[in-house]
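Asks: Going by full-length UniProt numbering, the residue at position 260 of the sequence shown is 260; the numbering climbs one at a time, nothing skipped.
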Amino acid sequence: MPQLSGTTSVAYVLTLLAVAERHGAARTSLLQAAGLAAEDLHNPLARIAMRALARLFDAAAVQTGLPHIGLAFGQAVRPASFSGLGFVAMTCANLGEAIALIPRFGRLVFDTGRHEVLVEQDGQQARLGEPPLPTEAAGCVGLDDAVLAGWVSYGRWICGCDARPLRVEVRHAAPADVRPYTELFGCPVLFGMPANTLIFSPALLQLPVRDADPHLHRAMLQAAQAQLDRAFAGLSLQHRVRMLLTELLPQGEGRLEQVAARLHLAPRTLQRRLASEGTSFSQLLDALRRELVARYLCDAQMSLSDIALLLGFAEQSSFSHAFRDWQGCTPQEYRQRHCR
């Protein structure tokens, strides 16, 4: 059974294989290095472990001789690379609407957590941040580069313009030659940062999508939702609850009744079925919040009020009280001790 915190889509893997093959790598040896078989990619709804994707990026860098294979991958992405999300995004009215789809459909690409889109209160900057990656994929340079380059390149492609971020923050250390990064992104690039993040002008959210079509958009939304339902139908109930919580928490909609409604279950039925799996709704909610909060706190750009909102707390004081119960200290104290 695929794990919630560690899979990607077959479509994403196929895009990487195609890019690597164009640069001289052999598919058979790439799959072997990643621990994959050709038949693993036959079902478009199958999920591929993130650890296999990380190994595939590493092998592709070696076999192609391209240390920046992730940047090459990002520039090659097209709608199919992002599964249903890619197709529905290209029919949106503007770039902001396309980005807003990520919390709902992003797990078609990576089911590793929730991508975050924050517009700072002064209105001068917006930030698109990557969800936490599982440990086995967190150190993959190619994957870091692919995520950032893919966001920027696909946004440019659907809008038909050379939109540029204000700044790009990359998790991995700076390579010997940073020029491929600055040439691609067209802005300052900072390395060794807590997370992969794009910082851009909120005005870019209003960029029109060139193939916007409201009628086709409705059809693509239905198709993407159907793909999402089929792709994750085999997950246990507790994994499905976790997926919904990662989507709903930042919207202030992570209550038992709201999650149960999305699953078409009565709240009592949901609780009873979770108990049969050896857990409860409150345990899942608490575990997810504790998993995410440490990563959020180590992002110096995120305020405590932002973090409280993303974790589904109505007030910062409620978040601070819960955090003290978890860690025995305040969020500020944790940030000072562990996030420098």
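Using N, Cα and C, we set each Cβ at its ideal position, and we do this for glycine too.
Given the structure is predicted, the values throughout are model-derived calculations rather than measurements.
(1) To the nearest angstrom, how far is it from the Cα of His23 to the Cα of Gly234?
(2) For Pro188, name the three-state secondary structure that DSSP assigns.
(3) Under the rule that 16 or more other beta-carbon atoms within 10 Å means buried, what is Asp111, buried or exposed?
(4) Verify the CB distance criterion: does Arg268 have a CB-CB separation below 9 Å to chain C?
(5) Can you tell me whether Thr182 is buried or exposed, with buried defined as 16 or more other CB within 10 angstroms of its CB?
(6) Judging by CA-CA distance, which residue of Phe82, Gly312, Ala266 is the nearest neighbour of Asp286?
(7) My parser needs the alpha helix (DSSP H) runs of 4 or more residues fully inside the stretch 52 to 108; what are they?
(8) If we count Cβ pairs, one from each stretch, closer than 8 Å, do we get three or more for the stretch 294 to 311 versus the stretch 190 to 197?
(9) Report the rounded CA-to-CA distance for Gly155 versus Leu45, giving the unit in angstroms.
(10) Report the CB separation of Val189 from Val178 in whole angstroms; it is logged as a contact under 8 Å.
(11) Could you compute how far the alpha carbon of Gly35 sits from the alpha carbon of Ser318?
(12) Would you tell me roughly how many angstroms separate the C-alpha atoms of Gln332 and Ala322, rounded to the nearest one?
(13) Is there contact between the stretch 64 to 82 and the stretch 8 to 15, where contact requires at least three CB pairs shorter than 8 Å?
(14) Can you have a look at Gly86 and say buried or exposed, based on whether 16 or more other CB atoms are within 10 angstroms of its CB?
(15) With a floor of 4 residues, list each alpha helix (DSSP H) that falls wholly inside the stretch 246 to 305, ordered by position along the chain.
(16) With 16 as the cutoff for other CB atoms within 10 Å, does Glu130 come out buried or exposed?
(17) Taking the beta carbon of Tyr334 as the centre, do at least 16 other beta carbons fall within 10 Å, making it buried, or is it exposed?
(18) Would a C-beta distance cut-off of 9 Å place Leu71 and Ala176 closer than the cut-off?
(19) Closer than 8 Å: is that where the CB of Leu285 sits relative to any heavy atom of the ligand GDP?
(20) Are there 16 or more other CB atoms within 10 angstroms of the CB of Ser305, so buried, or fewer, so exposed?
Replies: On the basis of the coordinates in this document:
(1) 36 Å
(2) coil
(3) buried
(4) The chain inventory of the structure shown lacks chain C, comprising one protein chain alone.
(5) exposed
(6) Gly312
(7) 69 to 76, 83 to 89, 95 to 100, 102 to 105
(8) yes
(9) 24 Å
(10) 6 Å
(11) 45 Å
(12) 13 Å
(13) yes
(14) buried
(15) 256 to 262, 267 to 276, 281 to 297
(16) buried
(17) buried
(18) no
(19) In terms of ligand content, the structure shown is empty, and the ligand GDP therefore cannot be addressed.
(20) exposed
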